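Respectively, the protein sequence lines represent chains A and B. Every position in the first sequence, counted from 1, becomes a number in our numbering once 2 is added. Every position in the second sequence, counted from 1, becomes a number in our numbering once 549 is added.
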Amino acid sequence: MNFDLTDEQRMLQETVAQYVENECPMARLREIFDGDQGHDPVLWKGLVELGVAGLAIGEQYGGAGLEMLDLAVVAEKLGHAAFPGPFFNHALGALAIELAGSDEQKEAWLPKLAAGDALASIAFSDPSGGWQPGDWSLEAGDTLTGTKSMVPFASEADVIVVGVTGGGMVLVAKGAAGLHCERLDGADRSRRIDDVTFENTPCESLAGGVEAAPKVRDVGLVLLAADAIGGAERCMEMSVEYAKTRQQFGVVIGQFQALKHQLADMALAVEPSRGLYWYAAHALDHVEEDAERTAAIAKAHITDAFMQVARDATEAHGGIGFTWEGDTQMWFKRAMFDRAFLGSPSSHRARAAELGDW
Amino acid sequence: MDLSYSTEAEAYRETVSSFLEANWPLKGKEKELSFDEQCTLFRDRATEAGFLYRSIPKQYGGSEQETDALSAQVIREEFGKKWAPMEARGIGTMMLAPTLLERGEQWMKDRWVQKTLFGEIKWCQGYSEPGSGSDLASLKTRGELVGDEWVINGQKIWTTNAHEADFMFILVRTEPDASKHAGISYLLLDMNQPGIEVRPLKTMTGTVDFNEVFFNDARTPKDWIVGKRGEGWTVSRTTLKHERNSIGATEQTNAQFSRLKKLAQETIIDGKPAIEREDIRERLSILEGHILAHKYSGFRQLTKDASGEDPGIIRLMTKLYSTEIGHLVSKLAMDLIGDDGLLGAGDARMGAIPSGNSAWIGQYMYSLGIAIAGGSANIQRNVIAERGLGLPRDAAADRSKSN
Chain A
3 MNFDLTDEQR MLQETVAQYV ENECPMARLR EIFDGDQGHD PVLWKGLVEL GVAGLAIGEQ
63 YGGAGLEMLD LAVVAEKLGH AAFPGPFFNH ALGALAIELA GSDEQKEAWL PKLAAGDALA
123 SIAFSDPSGG WQPGDWSLEA GDTLTGTKSM VPFASEADVI VVGVTGGGMV LVAKGAAGLH
183 CERLDGADRS RRIDDVTFEN TPCESLAGGV EAAPKVRDVG LVLLAADAIG GAERCMEMSV
243 EYAKTRQQFG VVIGQFQALK HQLADMALAV EPSRGLYWYA AHALDHVEED AERTAAIAKA
303 HITDAFMQVA RDATEAHGGI GFTWEGDTQM WFKRAMFDRA FLGSPSSHRA RAAELGDW
Chain B
550 MDLSYSTEAE AYRETVSSFL EANWPLKGKE KELSFDEQCT LFRDRATEAG FLYRSIPKQY
610 GGSEQETDAL SAQVIREEFG KKWAPMEARG IGTMMLAPTL LERGEQWMKD RWVQKTLFGE
670 IKWCQGYSEP GSGSDLASLK TRGELVGDEW VINGQKIWTT NAHEADFMFI LVRTEPDASK
730 HAGISYLLLD MNQPGIEVRP LKTMTGTVDF NEVFFNDART PKDWIVGKRG EGWTVSRTTL
790 KHERNSIGAT EQTNAQFSRL KKLAQETIID GKPAIEREDI RERLSILEGH ILAHKYSGFR
850 QLTKDASGED PGIIRLMTKL YSTEIGHLVS KLAMDLIGDD GLLGAGDARM GAIPSGNSAW
910 IGQYMYSLGI AIAGGSANIQ RNVIAERGLG LPRDAAADRS KSN
């Protein structure tokens with residue numbers, strides 16, 4: 003048994019973490035978080051040069067052809083840094099095309115996506131609130147008319163994978179007639195979201211969409227869980243650091259047992275859950291019978307834990323935690339994104355119960 | 550990531566399972582022996598074959614195998630499948646024998662180790678006192694050297710199995726002028742003497758698991774001391790080389806969860822199985838998140854143990870996480886059993902896997918006993934915060950006076 007990351011995976015994590023630390027220190031993160039776009043193409047380009055954009059894209063299309071666990075360990079590090087930008091939606095958009103596209107579609111998009119010359123996103127949420135393929139109600143023919151909501155970085159995307167009625171997926175390219183993206187006032191300013199409307203917008207069907215959509219969803223769930231582990235770990239680290247430096251009553255507050263116990267409980271919520279996302283990611287490639295259900299449980303469990311830890315971290319920072327200037331609020335909002343995107347923890351627990359034949 | 554065991558481990562599994570095939574359950578005339586005798590006979594054979602008492606030298610009846618977490622895990626799995634007896638359990642096996650092997654005099658090892666390991670003599674642990682629980686080093690039971698004997702006066706409490714034990718290993722204050730930790734010695738003593746009175750304490754479940762022990766001029770020979778005078782604290786904390794059971798705790802919580810699911814399937818509420826209710830499904834599902842997190846955390850520890858690396862902070866979380874999950878499991882069970890929650894715990898036993906509603910009530914109560922025993926949940930939080938997260942120790946806990 004070897005239930006651990008490989009040396010290559012650890013190196014990949016270190017490389018990404020190092021890049022992020024050098025190029026996106028807190029001041030830069032805050033600038034982007036407070037800026038108009040929530041995304042810095044130069045910063046993204048640097049990440050792309052590390053191979054991150056095409057990590058799980060096949061080698062014949064210029065990607066690295068790695069597994070979902072490799073993608074997830076990168077997501078963890080980006081979550082740790084609250085890295086702003088389109089990693090998550092890009093990875094899922096590219097995966098959808100790879101799994102469901104025709105050879106022509108793959109040829110047309112994957113090399114550009116792997117090289118970071120084009121950006122992909124996914125439009126899964128129906129305005130009525132349905133995230134799952136079975137909920138999708140947008141009718142698709144040669145054109146699309148209707149709305150999808152909560153689409154990450156739709157305005158910036160060169161191609162959007164849209165979930166349509168019957169659980170299939172279609173492609174809409176940037177600049178298509180009748181395509182309109184409107185930025186929402188999203189809480190997480192490191193991953194901006196849009197409402198997207200289509201009016202007789204030309205689209206291309208993805209032939210394998212119906213089969214691939216649940217898999218794309220499951221990968222999304224695991225990437226959110228991985229992001230959440232990284233983010234929750236960072237919340238804990240920030241709180242521990244603060245507790246070791248902030249003084250009251252003449253001693254560092256980390257000496258007070260009430261706070262120590264709260265920090266211990268935060269650690270307990272985070273650290274044992276790491277193996278759960280590892281296994282969920284591993285299962286996507288290697289344990290098919292477990293993959294869907296474990297992805298649902300990992301997303302529910304870990305994003306819930308992140309939200310709680312982010313709340314605890316805010317509290318542990320006292321007044322500064324509640325300010326816009328404080329750092330914890332950015333992770334708090336990452337937690338909100340991870341928790342709500344692709345459906346609430348409750349909805350995935352209900353799915354897990356169904357899938358477990360309870 | 551590779552969740553299968555190595556080829557060597559799988560080959561070893563074959564060895565273990567064919568041994569068990571031939572040796573357990575016992576066959577022929579041997580089946581007529583008492584269960585205890587059967588266990589003893591089987592343990593001898595399994596030890597001979599190198600499967601039990603692996604970290605114990607041969608001269609003390611062990612099989613003296615190299616430390617190997619993976620082989621140990623394979624043995625546990627295969628023995629578990631066949632319900633074959635493993636090492637005799639008890640505080641003597643877990644605590645005293647390893648301490649003697651590490652710190653004891655040769656004559657002590659010769660006299661006690663083997664008999665302890667094979668269950669021929671029983672020990673109890675004299676640590677906690679009425680005024681010294683989490684702050685154990687503040688203990689006050691005195692040991693004074695009078696001639697060739699230690700004379701012991703004071704009181705111990707929560708002493709598991711003192712009513713059945715032959716001997717006690719005990720922490721006593723022998724150096725009243727030394728600082729808190731440096732005034733303690735580790736003595737051994739015979740329980741069968743007039744200076745010792747054992748009073749059973751009934752637990753809230755109605756059973757007797759532990760006792761109060763009173764010492765009124767109890768005596769033990771001068772040389773029945775492990776380590777030197779004043780070294781008792783460090784002796785009691787001797788780090789032991791042994792094969793950790795990295796995933797035993799998670800296997801137990803898994804088993805509890807399976808029983809709970811079964812209970813939810815079999816319990817009828819408003820004319821349908823409870824497991825079909827949304828609220829029950831959600832709660833079970835929340836629990837399963839914890840169960841799986843705990844399980845994979847155990848896998849991570851096993852992997853690190855197998856390669857001799859330190860698994861880090863997760864090691865410190867095993868007990869607290871197990872007890873937190875235990876609370877959630879038993880709370881949900883209590884909601885499921887409904888009116889039976891008015892009944893008592895019956896003859897539930899600590900650590901047993903529940904079946905039947907009275908056993909769930911036992912579990913509901915014992916989950917607290919387990920949370921408190923061996924370092925309460927809040928002490929575990931201190932350990933995680935101080936050793937795991939590097940936070941400073943509590944000012945009060947640093948005081949080095951015994952009173």
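We put the beta carbon where it would ideally sit given N, CA and C, even for glycine. The structure presented is a predicted model; accordingly, all values stated were derived computationally and were not measured.
Endpoints, beta strand (DSSP E) assigned at Cys-237/A: One-based indexing of the first sequence puts residue 237/A at position 235. In this chain, Cys-237/A is not harboured by any beta strand (DSSP E); it is covered by the alpha helix (DSSP H) spanning 211-247.
Of the listed residues Leu-841/B, Ile-774/B and Ile-886/B, nearest to Ala-804/B (C-alpha basis): Here residue 804/B is taken as the residue at index 255 of the second sequence, counted from 1. For Ala-804/B, the closest C-alpha among the options Leu-841/B, Ile-774/B and Ile-886/B is that of Leu-841/B.
Backbone secondary structure at His-182/A - three-state DSSP: Here residue 182/A refers to the residue found at position 180 of the first sequence. Here His-182/A carries a strand assignment [DSSP, helix/strand/coil].
Min CB distance Trp-111/A to chain B below 8 Å: Looking up residue 111/A in the first sequence gives position 109. The Cβ of Trp-111/A sits no closer than 8 Å to any Cβ of chain B.
Assigned secondary structure, Arg-748/B (DSSP; H/G/I helix, E/B strand, else coil): As a first step, residue 748/B must be located in the second sequence, where it is residue number 199. Note: Arg-748/B maps to strand in three-state DSSP.
Nonlocal neighbours in the same chain, by C-beta distance under 6 Å from Phe-339/A, ignoring five residues either side: Position 337 of the first sequence holds residue 339/A. These residues qualify, in order along the chain: Asp-190 and Arg-193.
Residue from Val-623/B, Asn-572/B and Leu-575/B whose Cα sits closest to the Cα of Met-3/A: The residue you call residue 3/A lines up with position 1 of the first sequence. Checking every option, the nearest Cα to that of Met-3/A belongs to Val-623/B.
For Val-721/B and Arg-768/B, believed in contact at Cβ under 8 Å, the rounded distance: Residue numbering aside, residue 768/B sits at position 219 when the second sequence is read from its first letter. Residue numbering aside, residue 721/B sits at position 172 when the second sequence is read from its first letter. Not quite, the Cβ-Cβ distance comes to about 12 Å (not below 8 Å), so this is no contact.
Buried versus exposed, by CB contacts within 10 Å (16 or more), Arg-12/A: Residue numbering aside, residue 12/A sits at position 10 when the first sequence is read from its first letter. Result: exposed.
Residue environment, Val-100/A, which counts as buried when at least 16 other CB atoms sit within 10 Å: If you number the first sequence from 1, residue 100/A lands on position 98. Position check: residue 100/A holds Glu in this sequence, whereas Val was assumed. The residue in question, Glu-100/A, is buried, as its Cβ has 16 or more Cβ neighbours within 10 Å.
Contact list for Gly-274/A against chain B, beta-carbon separation under 7 Å: Taking the first residue of the first sequence as position 1, residue 274/A is located at position 272. One detail in the question is off: residue 274/A reads as Pro in this sequence, not Gly. The answer, in chain order, is Ala-842, His-843, Ser-846, Ile-863, Met-866 and Tyr-870.
Span of the beta strand (DSSP E) around Asn-202/A: Here residue 202/A corresponds to residue number 200 of the first sequence, with the count starting at 1. Its beta strand (DSSP E) spans residues 195-204.
Buried versus exposed, by CB contacts within 10 Å (16 or more), Gly-252/A: Position 250 of the first sequence, counting from 1, holds the residue named residue 252/A. Exposed is the call here.
Rounded distance between the beta-carbons of Phe-308/A and Thr-316/A, thought under 8 Å: On the first sequence, residue 316/A is found 314 positions in, with the first residue counted as 1. On the first sequence, residue 308/A is found 306 positions in, with the first residue counted as 1. With 8 Å as the limit, Thr-316/A and Phe-308/A do not qualify as a contact, their Cβ atoms being about 13 Å apart.
The alpha helix (DSSP H) enclosing Pro-347/A, as first and last residue numbers: As a working mapping, residue 347/A is identified with position 345 in the first sequence. Looking at the DSSP string, the run of the alpha helix (DSSP H) that includes Pro-347/A is 347-357.
Span of the alpha helix (DSSP H) around Phe-716/B: Residue numbering aside, residue 716/B sits at position 167 when the second sequence is read from its first letter. Phe-716/B -> not in any alpha helix (DSSP H); beta strand (DSSP E) instead, spanning 716-722.
Minimum Cβ-Cβ distance from Glu-800/B to chain A less than 8 Å: The sequence position of residue 800/B within the second sequence is 251, counting from 1. Closer than 8 Å: no.
Coil, strand or helix - Arg-737/B by DSSP: Position 188 of the second sequence holds residue 737/B. Residue 737/B is actually Leu in this sequence, not Arg. DSSP places Leu-737/B in strand when its eight states are reduced to three.
Residue interval of the beta strand (DSSP E) (run including Gln-674/B): As a first step, residue 674/B must be located in the second sequence, where it is residue number 125. Gln-674/B -> beta strand (DSSP E) spans 672-675.
is_contact[Asn-931/B, chain A] using C-beta, thresh 8 Å: The sequence position of residue 931/B within the second sequence is 382, counting from 1. Proximity of Asn-931/B to chain A, defined by a Cβ-Cβ separation below 8 Å, is satisfied.
Whether Asp-1/A touches Val-161/A by CB criterion (8 Å): For residue 1/A there is no data in the structure shown, the boundaries of chain A being 3 and 360.
Interface flag, Asn-803/B vs chain A, CB-CB below 8 Å: Within the second sequence, the letter at position 254 stands for residue 803/B. Answer no: the Cβ-Cβ gap between Asn-803/B and chain A never drops below 8 Å.
Own chain partners of Ala-354/A with C-beta closer than 6 Å, once the 5 adjacent residues on each side are dropped: The residue given as residue 354/A occupies position 352 in the first sequence. Listed in chain order, the non-local C-beta contacts of Ala-354/A below 6 Å within the same chain comprise Arg-295, Ala-298 and Ile-299, local neighbours out to five positions each way being set aside.
Whole-angstrom distance between Glu-815/B and Gly-905/B, CA atom to CA atom: Along the second sequence, read from residue 1 onward, the residue named residue 905/B stands at position 356. Along the second sequence, read from residue 1 onward, the residue named residue 815/B stands at position 266. So the alpha carbons of these two residues sit roughly 11 Å apart.
For Val-762/B and Val-747/B, believed in contact at Cβ under 8 Å, the rounded distance: Numbered from its first residue, the second sequence carries residue 747/B at position 198. Numbered from its first residue, the second sequence carries residue 762/B at position 213. Indeed they touch by this definition, with Cβ atoms about 5 Å apart.
Nearest to Gln-91/A (by Cα), restricted to the options Asp-229/A, Leu-146/A and Glu-10/A: Mapped onto the first sequence, residue 91/A falls at position 89. Just to set this straight, residue 91/A is Asn in the shown sequence, not Gln. Nearest of Asp-229/A, Leu-146/A and Glu-10/A to Asn-91/A, Cα basis: Asp-229/A.
For Ser-728/B, three-class secondary structure by DSSP: Walking along the second sequence from the start, residue 728/B turns up at place 179. If DSSP states are grouped into helix, strand and coil, Ser-728/B belongs with coil.
Bridge partners - Leu-173/A, DSSP secondary structure assignment: As a position in the first sequence, residue 173/A is number 171, starting the count at 1. Under DSSP, the beta-bridge partners assigned to Leu-173/A are Val-163/A and Glu-206/A.
is_contact[Tyr-281/A, chain B] using C-beta, thresh 8 Å: Along the first sequence, read from residue 1 onward, the residue named residue 281/A stands at position 279. Yes - at least one Cβ of chain B is within 8 Å of the one on Tyr-281/A.
Best match in Lys-47/A, Glu-10/A, Pro-86/A and Val-198/A for proximity to Arg-336/A [C-alpha to C-alpha]: The count along the first sequence starts at 1 and reaches residue 336/A at position 334. Arg-336/A has its Cα closest to that of Pro-86/A, out of Lys-47/A, Glu-10/A, Pro-86/A and Val-198/A.
Close beta carbons around Tyr-554/B, own chain, < 6 Å, minus the five adjacent residues each side: Along the second sequence, read from residue 1 onward, the residue named residue 554/B stands at position 5. Shown here for Tyr-554/B: not one same chain residue has a beta carbon closer than 6 Å to its own, the five before and five after excluded.
At least 3 beta-carbon pairs within less than 8 Å: the stretch 778-788 of chain B vs the stretch 699-715 of chain B: No contact exists between the stretch 778-788 of chain B and the stretch 699-715 of chain B.
C-alpha gap between Lys-79/A and Phe-89/A, whole angstroms: The sequence position of residue 79/A within the first sequence is 77, counting from 1. The sequence position of residue 89/A within the first sequence is 87, counting from 1. So the two alpha carbons sit approximately 12 Å from each other.
Beta-carbon contacts of Thr-799/B that lie in its chain and below 6 Å, excluding the five residues immediately before and after: What you label residue 799/B is simply residue 250 of the second sequence in a count that begins at 1. Result list for Thr-799/B: His-843, Lys-844 and Gly-847, in chain order.
Opening and closing residue of the alpha helix (DSSP H) in which Glu-837/B lies: Stepping through the second sequence from its first residue, residue 837/B is reached at position 288. Per DSSP, Glu-837/B belongs to the alpha helix (DSSP H) from 827-855.
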